[in-house]
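Take the sequence shown: its position 77, counted from the start at 1, is 83 in our numbering, and no numbers get skipped. Idealized CB from N, CA, C, for every residue including glycine. Owing to the predicted nature of the structure, the values given are computational and were not obtained by experimental measurement. Heads up, the thing below is written out as structure tokens.
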Amino acid sequence: MEGEMMTGNLAAAWGARLADVDYVPAFPITPQTEIVEALAKWCESGAMAARFVTMDSEHSMMTAAGAAAATGARVFTATSSQGLLYALEVLYSVSGWRTPLVLVNVSRALAAPITLEPDHNDVLAARDSGFLQIHAETCQEVLDSILMAYRIAEDERVMLPVIVNLDGFYLSFTREPVIMPDPEQVKKFLPPFRPAHLGFKASAPHALGVAVLGGTPYSYFRHQMHLAAMNALEVHREAAAAFEQLFGRRYDVVEGYRLDDAEDVLVMTNAFASKGKVAVDVARAEGKRVGLLRLRMIRPWPADAIRQALQGRRAVAVLDQNLSPGQGGILFQEIAACLYHEALRPRALCSFIGGLGGKNLSEGEFRAIFEQTEEAGVRGKGIGPILLYTEAEHREMVQLQDIAADVRTS
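What follows is the structure, encoded as structure tokens:
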């Protein structure tokens, strides 16, 4: 079946449209804007029956989204970068209300300095908010993940909001063939939202997310949220099986690429994993037994799936497209934690930082990763964090600094 060429942003908009959402509170921010532009046009033309409202900020946008979801509406919204941080206060409240909705984040590196291209410090800043997180590699996966996200979020065992993340520019504005699911099949997969425990009504007033006194009730409710998030692993498995049966495409919480006999494994996420797969193919052609593990679900953390994929390997390299100053790669720390007690854990864990601010990753940089990871595995000692930065890029930066110095002294 041939697909229709569309950007990652348009695929996200189609995901919301096919999900038959009721309400779209929106505030535009680059590189997310195309999503809300498409939805606004469809709502205005009558192609979608949803209510579309442009808000005055991302903070208001998320407040409206959570409040609408609390009435039992199916809600969609989207943001990026600083917009996600502006909404972050409300994310914690919305998840605490146990209101399911889908928020698409189009990853963009955070200021300062200001940039437009992607890394994952924005979305990973929300990893402890109570929002589940699904990270997409392709435009097809963006659309499909939104449909799956609603099914997971609205399950009574979960009842939590979900972030679907895609990389800005590299995926948001890249056109790829996307197979459009049949709307009738989508209705079978995602029936109308009929929550059993939500629904603000004027005839039956009640409160949601009220203050509690003391740590006893607070601890109870926070732990209930944690248990619900962990339930999402099983609900995701069920949703993936149903989705595959209807549409022929399978999505697990992690994706293995050429892992069967791999001695060394590279761990990545999002669109840059496509570059990693090509690098694996090149290394395989040179006789290296390497593979790639792509993390698709970040919250809840799929520890068992990660352990199963990585146990017994000689070495594992985690390529983080993020940087926690003073610590290093965020995902490296979580990978290390879940492997710590494994008797068959890899002999070496290696940490690499790359793609910050959308910086390209070259074939030579991937080659260096595999070479250094192999050496670390032989020695049985991990390395890193190592910033991927070529000599040519360093020379370019020095030239820019020289130009800036000349301007300041002229």
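In whole angstroms, what separates the C-alpha of Phe-227 from that of Ala-115?
Cα to Cα, the separation comes out at about 33 angstroms.
So, for Leu-4: in the same chain, excluding its five sequence neighbours on each side, which residues have a beta-carbon less than 7 angstroms away from its beta-carbon?
For the chain, the structure presents residues 7 to 416; residue 4 sits outside this window and is missing.
Report the CB separation of Val-100 from Ala-56 in whole angstroms; it is logged as a contact under 8 angstroms.
That belief does not hold up - the Cβ atoms of Val-100 and Ala-56 are roughly 19 angstroms apart, past 8 angstroms.
Counting pairs of Cβ atoms below 8 angstroms between the region 385-399 and the region 355-362, do you hit three or more?
Output reads yes: the region 355-362 touches the region 385-399.
Just mark Gln-405 as buried or exposed, buried being the case when its beta carbon has 16 or more other beta carbons within 10 Å.
Its Cβ having fewer than 16 others within 10 Å, Gln-405 is exposed.
If you reduce the DSSP assignment to three classes, tell me which class Lys-207 lands in.
Strand at Lys-207.
Between the beta-carbon of Phe-372 and the beta-carbon of Val-271, is there less than 9 angstroms?
Contact: no.
What residue ranges within the region 338-363 form continuous beta strand (DSSP E) runs of no fewer than 3 residues, ordered along the chain?
List check, beta strand (DSSP E) in window: 354-359.
Is Leu-298 near Arg-264, with beta carbons less than 9 angstroms apart?
Taking 9 angstroms as the Cβ cut-off, Leu-298 and Arg-264 qualify as a contacting pair.
Taking Pro-352 as the reference, give the member of Leu-362, Gly-364, Glu-369, Val-384 with the closest Cα.
The shortest Cα separation from Pro-352 among Leu-362, Gly-364, Glu-369, Val-384 belongs to Val-384.
Since Asp-323 is in the beta strand (DSSP E), which residue starts that stretch and which ends it?
Looking at the sequence itself, residue 323 is Ala, so the reference to Asp does not match. Counting along the chain, the beta strand (DSSP E) containing Ala-323 begins and ends at 321-326.
May I have the straight-line CA-CA distance separating Asp-128 from Gly-89, to the nearest angstrom?
In a straight line, the C-alpha of Asp-128 is about 9 angstroms away from that of Gly-89.
Can you tell which of Ala-76, Gly-78, Ala-84, Ala-343 has its C-alpha closest to the C-alpha of Ala-44?
Selected option, being the one with the closest Cα: Ala-84.
Compare the C-alpha of Arg-200 against each of Glu-397, Val-27, Val-96, Met-61 and name the closest.
Looking at the Cα atoms, Val-27 is the closest of the given residues.
Can Val-164 and Ala-235 be called in contact, C-beta distance under 9 angstroms?
Going by C-beta atoms, Val-164 is nearer than 9 angstroms to Ala-235.
With DSSP collapsed to three states, give me the class of Asp-228.
It is Arg, not Asp, that sits at residue 228 in the sequence shown. DSSP places Arg-228 in helix when its eight states are reduced to three.
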